[in-house]
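**Q** Structure incoming, see below.
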Ligand code: CA
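Here is the structure:
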């Protein structure tokens, strides 16, 4: 039953109209006993409110500038699971809004977040697979067509498409999926990417229903796949009712008037930054159609925090990826992370920290010494600087003091800046960057691909793979975002090729896919790589050598970053070579590790001890 229909049933002829209730239900027994219930309807603010419940206490009723909103703050500390009514009375008019406090189906401690033992597979749902062509166009929604020839239009992919291919993802060996935003984006255009939310509590109906999402999470869990949901607290879509009919002007920054952000968020932690720079970066709007929430308004803050808790509790997701994290108010984001982790101590949140140095990225990680005494409480940050380096390192000739793999070594010598280097999301590419293969020509270079994938899956951090990388999909950001977000071949009925299947992939694609699968499946239960220490050596003979070790197991990676054969003196590496022979996991060869080791050009060895 939809909200509208049940409200319709319960209101009488001389009725007050309540159009939306957010959240639509809640749970008894949450750690935080306070709940904000937002009622939205035609001039309802002057109504008197009572509750039919005996153990739920109204703490505060907030009326804002706009008469169409009522904010109810209730105390649930003594409340049992129950159904009750919110009764509105306005002169002779009245309304009864049924509300439910559900019984929790799991404890907060039972939700397991993603960790460095996981590998995330990032999916743009509109572009992955169309499992249900019937929902491609939903009557009444503003963008009412699909056009696969237009990179900016919707293509029809959906949650059913993801659910239908969970086997593919789990066969590949990823252990979690991260979906680009799936909440409603009822925008005139560009709604496919999902970053302009128009209803925080509703899955976009062109992707599916709330229930379908919950079922997808259940199905993923049955396949040992965790689910990470994308959220956006910095801004919403301009078609969101909260913006179109704003509760008060201070729900959005710059008093709800459009001012463009500078995108220069380094100013947030720049000790030399002017007040102007700080303000324009965080309070400016992402785009004119993405107005910037003022999270310093406590009602806005509560609304956003609750929406995230609601999805965790409702669907049982394992993690959140928070968009444009540094663009939002620091103290609010910190409080949000704290509240989520108080409620779900094993949960994980990764913030999109798109900053160009490790110093700046590290500032955003929980327990950063640089941010102290402030604390972001954000467990995981995105290692964008490493992405840039990985997109150069495997193309260059490595020398012992510069270029190529030296960049990776040099960068990781600076990991002391991070409070927790294992909680860095690491990736070759994502939906906003050029694909790792920027051109078709680059995609043909499998040596490059294999070295990069081996490094990604064996160094410290939480690896993330962007859908299609494993089948060598290419795309250059210079050609527009659409070409980074092409349809996965085989995701649509009638596609000429089906890359979900071996027969549909070219020989080159199968070689990349099989290599990736082999490493991913191996990594799944490999504690040395999943949670071990990292010990590395400076570059010698253009070769990078490092060890991952956990308890009595270790993995040693030896990577030649040159187009020459290299002869390695093994004496410097004795402390990580406990035996005089080892098997290379990649080739299956047994190698003698006595005095010297010969490496072919660009050869990579993964030795297991
Ligand atoms: Ca569809």
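Residue numbers (this note's numbering): 15 to 623.
Just so it is clear, CB atoms sit at the ideal spot from N, CA and C, and this is done for glycine as well.
1. Check residue 408 in the structure and name its three-state DSSP category.
2. Identify which residue in 268, 607, 80 and 195 has its Cα closest to the Cα of residue 245.
3. Just to confirm the assignment, what range does the alpha helix (DSSP H) spanning residue 466 have?
4. Are at least three pairs of beta-carbons, each pair with one atom in the region 452-469 and one in the region 500-508, less than 8 angstroms apart?
5. Specify, as a first and last residue, the run of the beta strand (DSSP E) that residue 606 falls within.
6. Within 10 angstroms of its Cβ, does residue 306 collect 16 or more other Cβ (buried), or is it exposed?
7. In the DSSP output, what is residue 38 paired with across the bridge?
8. Is the region 436-444 touching the region 325-332, taking contact as three or more C-beta pairs under 8 angstroms?
9. Using beta-carbon positions only, say whether residue 185 and residue 198 come within less than 8 angstroms of one another.
10. Would the beta-carbon of residue 109 fall within 8 angstroms of that of residue 29?
11. What residues in its chain sit with their C-beta under 7 angstroms from that of residue 625, if we drop five residues either side in the sequence?
12. Once the 5 residues before and after residue 527 are set aside, which same chain residues still bring their CB inside 7 angstroms of it?
13. Candidates 414, 622, 312 and 420: which alpha carbon is nearest residue 49's?
14. For residue 191, which residues does DSSP report across the bridge?
15. Would you report the Cα separation of residue 377 and residue 558, rounded to the nearest angstrom?
16. Taking 6 angstroms as the limit, name every residue whose beta carbon sits nearer than that to some heavy atom of ligand 3, in sequence order.
17. Is residue 398 buried or exposed, if buried means 16 or more other CB atoms sit within 10 Å of its CB?
18. In chain order, what residues of the same chain have a beta carbon less than 6 angstroms from the beta carbon of residue 286, not counting five sequence neighbours either side?
19. Would you identify the three-state DSSP class for residue 307, choosing helix, strand or coil?
20. From residue 620 to residue 570, what distance separates their C-alpha atoms?
21. Where residue 141 and residue 203 are concerned, what is the direct C-alpha to C-alpha distance, given to the nearest angstrom?
22. With H, G and I counted as helix, E and B as strand and the rest as coil, what does DSSP make of residue 393?
23. Straight-line CA distance for residue 288 to residue 113?
24. I'd like to confirm the pairing. Which residues does DSSP put opposite residue 574 in its beta bridges?
25. With DSSP as the reference, please indicate the residues paired to residue 115 in a beta bridge.
26. From 71, 162, 154 and 82, pick the residue whose C-alpha is nearest to that of residue 508; which is it?
**A** Looking at the atomic coordinates:
1. coil
2. 195
3. 460-472
4. no
5. 604-606
6. Here residue 306 is buried: its Cβ has 16 or more other Cβ atoms, across all protein chains shown, within 10 Å.
7. None, per the DSSP bridge assignment.
8. no
9. Pairing residue 185 with residue 198 gives a Cβ-Cβ distance that is not under 8 angstroms.
10. Against a cut-off of 8 angstroms, the Cβ pair of residue 29 and residue 109 comes out as a contact.
11. The chain is shown only over 15 to 623; residue 625 falls outside these bounds and no answer can be derived.
12. 484, 485 and 519
13. 312
14. 135 and 241
15. Distance between the alpha carbons of residue 377 and residue 558: 28 angstroms.
16. Ligand 3 is absent from the structure shown, which contains only ligand 1.
17. buried
18. none
19. strand
20. 6 angstroms
21. 16 angstroms
22. coil
23. 48 angstroms
24. 557
25. 40 and 96
26. Looking from the CA of residue 508, the closest CA among 71, 162, 154 and 82 belongs to 162.
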